[in-house]
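Beneath this line is the structure, given in structure tokens, with notes to follow.
Numbering (our numbering), first residue to last: 6 to 340.
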């Protein structure tokens, strides 16, 4: 019985690779006869697995999706990866509560050796303070958007405006992708009224029914969704992920002091007390302000626009330092 059970688990593991297997191939991999494979296939079907017979010269088998959730088999690596993913999702987000319950269910049926590994590996996904109190995407809305994307159907929805925008009626879009960016969900879509690509925060979307006609998918600028999203959130409307403004400076600080705060910049050591920093931003003024945060002397290597931005900021800060005397405020004038 133990040998038969082990063989069934091995057979199920092969079928879960989502490819067609001939009876002869399965027999060879399991070191049994084709007749034994046929009997084991029948046993798995009796346990609730939907295994169809593939027609062809050699015949074969394919594991299909069924009408209910049958027992599933994970190898050690898959089980650990799933537990880590559930721990990450359970720390706060759209499906946090469901992730906690799924993790408890998975841990309960794990062998002792795997349960011990999971208990040792505790993962905490720390969210930035700015996003802890932001609204989370509704799982039902995510499912409705996913269905429209899969069916390639036009979508109408109300979009709650952000602090700097105003409501302008329902939007009509061709939904293309759902993406996550810094703990938020976004819908990437072609806006039919504006005839341009747009990204919409999912927590601000309220879909309308019914959906519209089917559409042919469009090619995203940059060729893929990763390039498109990175480009848009860097203020770059072109087909590249580069920042629109990139500059190079020398900072009078050791490279080891700069690197932890350089974000996606490039830090090169020039000596014990100097380093070269190559950094980008959405504007030249924003880039100059970011570099100024290092609180040290700066030598601009280029381009000229960055030097001009530093000069503009210097004048602006000088004006800000000349604060007029107000009642109750200490004088800003030198004594």
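C-beta: ideal position from N, C-alpha, C; glycine also.
_Per DSSP, what are the beta-bridge partners of residue 210 in this structure?_
164.
*When the Cα of residue 36 is compared with those of 50, 174, 313, 16, which residue comes out closest?*
For residue 36, the nearest C-alpha among the options comes from 16.
*Mark residue 338 as exposed unless 16 or more other C-beta atoms lie within 10 angstroms of its C-beta, in which case mark it buried.*
Low confidence applies here, because residue 338 scores a pLDDT of 49, under 50, leaving its location unreliable; read the following figure in that light. Residue burial annotation: residue 338 is exposed, with fewer than 16 other C-beta atoms found within 10 angstroms of its C-beta.
*Determine, using beta carbons only, whether residue 165 and residue 203 come nearer to each other than 7 Å.*
Against a cut-off of 7 Å, the Cβ pair of residue 203 and residue 165 comes out as no contact.
*Does the segment 272-284 come close enough to the segment 216-235 that 3 or more CB-CB pairs lie under 8 Å?*
Flag = no, the segment 216-235 and the segment 272-284 do not touch.
*Between residue 213 and residue 161, which are expected to be in contact by the criterion C-beta below 8 Å, what is the C-beta distance as a whole number of angstroms?*
Right, their Cβ atoms sit about 4 Å apart.
*Does any heavy atom of the ligand COA sit closer than 6 Å to the C-beta of residue 326?*
Of ligands this structure carries none, so the ligand COA is not represented either.
*As assigned by DSSP and simplified to three states, the class of residue 221*: DSSP places residue 221 in coil when its eight states are reduced to three.
*asked:* Going by beta-carbon coordinates alone, are residue 159 and residue 217 separated by less than 7 Å?
replied: In this structure, residue 217 lies closer than 7 Å to residue 159 by Cβ.
*List the DSSP bridge partners of residue 189.*
In DSSP, residue 189 forms a bridge with 186.
_Comparing C-alpha positions only, which one of 49, 39, 30 sits nearest to residue 11?_
Of the listed residues, the one whose Cα sits closest to residue 11 is 49.
*Three or more beta-carbon pairs under 8 Å between the segment 309-322 and the segment 284-293, yes or no?*
Under the three-pair Cβ rule at 8 Å, the segment 309-322 counts as touching the segment 284-293.
*If you draw a straight line from the C-alpha of residue 311 to the C-alpha of residue 200, how long is it?*
The alpha-carbon atoms of residue 311 and residue 200 are separated by roughly 34 Å.
*Straight-line gap, residue 263 to residue 308 (C-alpha atoms, nearest Å)*: The alpha-carbon atoms of residue 263 and residue 308 are separated by roughly 21 Å.
*With DSSP run on the structure shown, which of helix, strand or coil describes residue 178?*
DSSP places residue 178 in strand when its eight states are reduced to three.
*Just reading off the alpha helix (DSSP H) that residue 67 is part of, what are its end residues?*
From DSSP, residue 67 is part of no alpha helix (DSSP H) but of the beta strand (DSSP E) over 65-69.
*Round the Cβ separation of residue 190 and residue 183 to the nearest angstrom and send it over; I've been treating them as touching at under 8 Å.*
Going by Cβ atoms, the distance from residue 190 to residue 183 rounds to 6 Å, so yes, they are a contact pair.
_Spatial neighbours of residue 305 within its chain, please: C-beta separation below 6 Å, excluding the five flanking residues on both sides._
So the list reads 254, 311, 312, once near-sequence residues are dropped.
*Classify residue 205 as helix, strand or coil using the three-state DSSP reduction.*
DSSP places residue 205 in strand when its eight states are reduced to three.
_residue 195 beta carbon less than 7 Å from that of residue 223_ = Yes, these two residues count as a Cβ contact at 7 Å.
*Closest by CA to residue 215, which one among 272, 269, 177?*
Here the closest residue by C-alpha is 177.
*Where residue 194 falls: helix, strand or coil (DSSP)*: Strand at residue 194.
*Report the option in 227, 51, 180, 14 whose CA atom is closest to the CA atom of residue 155.*
Comparing Cα-Cα distances from residue 155 to each of 227, 51, 180, 14, the minimum goes to 180.
*asked:* Just verifying my parser: in three-state terms, what is the DSSP assignment at residue 9?
replied: Assigned with DSSP and collapsed to three states, residue 9 falls in helix.
*residue 279 - containing beta strand (DSSP E), residue span*: Unbroken beta strand (DSSP E) run through residue 279: 279-286.
*Hey, out of 273, 147, 153, 192, whose CA is closest to residue 221's CA?*
Nearest neighbour of residue 221 by Cα position, chosen from 273, 147, 153, 192, turns out to be 153.
*Over what stretch of residues does the alpha helix (DSSP H) that includes residue 245 continue unbroken?*
Element bounds for residue 245: n/a, residue is neither H nor E.
*What is the residue span of the alpha helix (DSSP H) that residue 252 lies within?*
Element bounds for residue 252: not the alpha helix (DSSP H) but the beta strand (DSSP E), 250-256.
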